Amino acid sequence: MKDIVIIGAGGFGQEVLHIINEINKVSPTWKVLGFASEVPSDWGKKFHGYNVVKVSDVKTKCVALGFGSPIGKFNFVKKYKQFQYPNVIHPKVEITLGVKIDPSGIIIAHGTSLMPCSHIKNFVSINVHCVVGHDTII
Numbered sequence: 295m296k297d298i299v300i301i302g303a304g305g306f307g308q309e310v311l312h313i314i315n316e317i318n319k320v321s322p323t324w325k326v327l328g329f330a331s332e333v334p335s336d337w338g339k340k341f342h343g344y345n346v347v348k349v350s351d352v353k354t355k356c357v358a359l360g361f362g363s364p365i366g367k368f369n370f371v372k373k374y375k376q377f378q379y380p381n382v383i384h385p386k387v388e389i390t391l392g393v394k395i396d397p398s399g400i401i402i403a404h405g406t407s408l409m410p411c412s413h414i415k416n417f418v419s420i421n422v423h424c425v426v427g428h429d430t431i432i
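Heads up: the sequence shown begins at 295 in this note's numbering, then just goes up one per residue.
As C-alpha cells, then:
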C-alpha cells in the first residue's frame, strides 16, 4: 500500500477519506497517514482519528486534495511542487466507452457516471451522484 496524506481537515477532506476507505475495501491501495492543513488552528488536532499537521511537515510524496476550491487547488499545486497528486476515484464510479481521465489530482465520489467520450482533466472534483454527459470536457 502507498502512503498518502489528505490535504484539508474539513468537509471535503472527510469525503476524500471515505473514498479512500472504499477503494481499500476493494483493493488495498492507500495507507492514510493523516491530514495536513495550512490553517494554523487545525494543527495538532485529531480529525476522524488522524493527526492534523502542517503541510510543511508532510513527509510522504502522495497527497490527495481534500478541498474543493479551484483557485485554492491551483495555488496549492503551484506552491507545493514536491508532491504527487494521484487520482482518487470511488470504485462505484461508472466509466463508459471512450472516457479519458487525466493522471493527476482528480477526486470522483460514488454514484457518478461518466458517459461516452467525456474527458476529466487534472484536479477536477466530482461529488456524489453526478452524471457527466457524453463528449463533455471538464
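Each residue gets a CB set at the ideal place from its N, CA and C atoms; glycine is no exception. Quantities reported herein were computed from a predicted structural model and do not represent experimental measurements.
- About 7 Å separates the CB atoms of Val346 and Gly328; that is less than 8 Å, so the two are in contact.
- In its chain, beyond the 5 residues on either side, Ile300, Ala358, Gly360, Val382 and Ile401 have a beta carbon closer than 7 Å to the beta carbon of Val310.
- Going by beta carbons, Gly305 and Ser331 fall outside the 8 Å limit.
- Residue state for His413 is assigned as strand, using DSSP reduced to three classes.
- Between the alpha carbons of Lys394 and Trp337 lies a gap of roughly 37 Å.
- Pairing Lys372 with Met409, the inter-Cα distance amounts to about 31 Å.
- Nearest to Gly399 by alpha-carbon distance, out of Lys415, His384, Lys325 and Thr390, is Lys415.
- Separation of Asp297 and Ile314 (C-alpha to C-alpha, rounded to the nearest whole angstrom) is 11 Å.
- With contacts defined as CB atoms closer than 8 Å, Lys348 and Gln378 fail to qualify as a contacting pair.
- For Ile431 against Ala403, the beta-carbon gap comes to about 20 Å, at or over 8 Å, which does not count as contact.
- For Asn345, DSSP records a beta bridge to Lys340.
- In the three-state DSSP reduction, Lys325 falls in the strand class (E or B).
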